[in-house]
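K.L.:
Under my numbering, the first residue of the sequence shown carries the number 2, and numbering increases by one thereafter.
The following block contains the structure, expressed as structure tokens.
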Amino acid sequence: MNSETNSKQALIGLNQTELECICSHLQEPSFRTEQLFTWLYKSSVNSFHEMRNFPNELRQRLHEQYCIHPLELIRVTGSTTESTRKFLFGLQTGEMVESVLMREKNRVTICISSQVGCVLDCLFCATASMGFQKNLSVGEIVDQFLQVRRESQSAITNIVFMGMGEPFLNYDKVIAAADLLNNENGIKFGAQRITISTVGIIPKIIRYTDEKHRYKLAVSLNGFSQESRLKTMSIARKYPLPELMNAIDDYTSNSRHPVTFEYVLMEGITDSIDDAYKLIKLLSGKRCKVNIIPYNEIGGDYHRPPEKVIKAFIAVMKSAPFPVTIRWSKGTDISAGCGQLAVLEKTP
Ligand code: SF4
């Protein structure tokens with residue numbers, strides 16, 4: 002990112018009220034706010050000179066005082082074997098963050114990051130190895146979508162907050178970003194096609210339920226009991242499974258959507274037949290769907306189970322009274338699979 006852009010305030014991420022303040026600061030009439038909002042989010046322009054219904058003099062003043070994007074696209078890595086691409090972005094403050102675009106049949110999903118690194122230490126996750134660096138701003142979250150959309154050959158059908166970071170530890174910014182993505186005068190992305198995933202931050206699940214957000218909720222479970230969750234997720238010590246389940250029950254009783262549980266299959270940790278039966282027992286009677294994710298290796302102590310073990314686990318899960326899908330992560334060859342995102346390089 003050049004130093005000129007670096008020092009200017011970025012407009013992506015601002016809502017209508019905030020853009021109104023910018024227009025008033027520039028002593029522009031209030032109708033400019035709507036025009037500016039449309040250029041930024043609907044037309045997705047890359048420069049102020051593309052804002053054709055603005056006078057030249059206004060475009061020049063905008064250019065002198067502001068920039069459009071808070072992120073700079075540094076690199077796109079394409080999967081050689083699957084329809085997956087990974088996007089590396091630089092922040093104005095120097096850190097870097099990744100997003101992933103996955104295409105499968107008619108479904109085109111962007112996996113968005115909410116933090117640089119992560120304060121939590123789920124043992125199977127590469128992001129944890131970065132440590133926590135910072136929460137992303139609303140603009141840094143929304144800009145991932147806008148810039149990836151520009152690069153995507155097909156329309157994006159789904160947004161998942163499952164990239165780097167724990168979204169509910171950056172709650173306000175993540176919700177504001179989802180609201181901006183959903184805003185009917187801008188990007189207009191359907192709420193039911195946006196999923197926010199958490200490892201189980203109970204107070205935020207309660208708040209999310211109370212605030213009646215319409216985005217889908219996913220919870221990373223990875224165990225059928227408090228003890229089994231604790232094997233890989235130390236956050237379970239702070240937010241134990243029984244309390245987590247109560248919070249989720251409350252959410253599903255008050256939401257139009259069922260909850261989605263993510264369950265990572267790790268060799269010798271979560272993959273036995275007994276684990277499968279206990280998982281079914283835990284979740285029977287709940288309004289839920291389960292995604293089984295065979296582990297994506299990151300060179301540590303954990304491994305993906307052999308195929309016959311995965312098949313045996315899935316065969317048992319097929320008897321569950323709730324929908325179960327298996328998610329073979331895309332892009333594992335470019336470390337873009339679930340749990341593999343980590344930026345270990347420094348800004349150039
Ligand atoms: S799985 Fe999510 S919450 Fe856990 S360390 Fe990785 S990014 Fe953080």
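Just so it is clear, CB atoms sit at the ideal spot from N, CA and C, and this is done for glycine as well.
Since we're looking at a predicted model, the values are computed, not measured.
(1) Rounded to a whole number of angstroms, what is the C-alpha to C-alpha distance between Asn223 and Tyr296?
(2) For Asn186, is the classification buried or exposed, using 16 other Cβ atoms within 10 angstroms of its Cβ as the cut-off for buried?
(3) Which parts of the stretch 258-340 are runs of the alpha helix (DSSP H), unbroken and 4 residues or longer, counting only runs that do not cross its ends?
(4) Can you tell which of Phe90, Ile270, Val200 and Tyr264 has the C-alpha that lies nearest to the C-alpha of Val117?
(5) Do you know how far the Cα of Thr326 is from the Cα of Ile294?
(6) DSSP state of Glu51, grouped into three classes?
(7) Pull up the distance between the alpha-carbon of Lys189 and that of Leu182, whole angstroms please.
(8) For the ligand SF4, is there any heavy atom lying closer than 7 Å to the beta carbon of Thr128?
(9) Check whether the Cβ atoms of Val200 and Cys123 lie closer than 8 Å to each other.
(10) May I have a chain-ordered list of the alpha helix (DSSP H) segments no shorter than 4 residues that lie completely inside the stretch 20-72?
(11) Does the ligand SF4 have a heavy atom nearer than 7 Å to the CB of Glu167?
(12) Pull up the CB-CB distance for Ile195 and Tyr216, whole angstroms please, since I reckon it's below 8 Å.
(13) Closest by CA to Ser138, which one among Lys239, Met318 and Pro168?
(14) If I follow the unbroken beta strand (DSSP E) through Phe162, where does it start and stop?
(15) How far does the beta strand (DSSP E) with Lys9 in it extend, from its first residue to its last?
(16) One question on the structure: do Phe314 and Ile281 come within less than 8 Å of each other, judged by their Cβ atoms?
(17) Just to check, is the beta-carbon of Cys123 closer than 7 Å to a non-hydrogen atom of the ligand SF4?
(18) Have a look at the DSSP bridge pairing and note the partners of Val120.
(19) Nearest-angstrom Cα distance between Asp250 and Lys287?
(20) So, is Gln145 buried or exposed, given that buried needs 16 or more other C-beta atoms within 10 angstroms?
(21) Would the C-beta of Ser44 count as close to the ligand ATP, meaning under 7 Å from any of its heavy atoms?
(22) Which residues in the same chain as Asn159 place their Cβ atom closer than 6 Å to its Cβ, once the five residues preceding and following it in sequence are excluded?
(23) How about Cys22: is its Cβ closer than 7 Å to a heavy atom in the ligand SF4?
(24) In three-state DSSP terms, what is Glu228?
P.N.:
Looking at the atomic coordinates:
(1) So the two alpha carbons sit approximately 11 Å from each other.
(2) Exposed, since its Cβ has fewer than 16 Cβ neighbours within 10 Å.
(3) Segments of the alpha helix (DSSP H) lying fully in the stretch 258-340: 274-284 and 308-318.
(4) For the residues Phe90, Ile270, Val200 and Tyr264, the minimum Cα distance to Val117 belongs to Phe90.
(5) The alpha-carbon separation between Ile294 and Thr326 amounts to approximately 9 Å.
(6) Helix.
(7) Straight-line Cα distance between these residues: approximately 6 Å.
(8) Relative to the ligand SF4, Thr128 has its C-beta within less than 7 Å of a heavy atom.
(9) Result yes, Cβ atoms of Val200 and Cys123 sit closer than 8 Å.
(10) Annotation note: the stretch 20-72 contains the following uninterrupted alpha helix (DSSP H) runs of length 4 or greater, listed N- to C-terminal: 32-38 and 57-66.
(11) Yes, Cβ of Glu167 sits closer than 7 Å to a heavy atom of the ligand SF4.
(12) Yes, they are in contact, since the Cβ atoms of Ile195 and Tyr216 sit about 4 Å apart, within 8 Å.
(13) Ser138 has its Cα closest to that of Pro168, out of Lys239, Met318 and Pro168.
(14) Phe162 -> beta strand (DSSP E) spans Asn159 to Phe162.
(15) Lys9 -> no beta strand (DSSP E), and no H or E assigned at all.
(16) No; because the gap between Cβ atoms is not below 8 Å, this pair is not in contact.
(17) Because some heavy atom of the ligand SF4 lies under 7 Å away, the Cβ of Cys123 counts as near it: yes.
(18) DSSP output for Val120 lists no bridge partner at all.
(19) Those two C-alpha atoms are separated by around 7 Å.
(20) Here Gln145 is buried. Its C-beta has 16 or more other C-beta atoms within 10 Å.
(21) Looking at this structure, you won't find the ligand ATP anywhere; what it does contain is the ligand SF4.
(22) Excluding residues within five positions, the ones whose Cβ falls inside 6 Å are Thr110 and Arg194.
(23) Result no, Cβ not under 7 Å from the ligand SF4.
(24) Correct three-state label for Glu228: helix.
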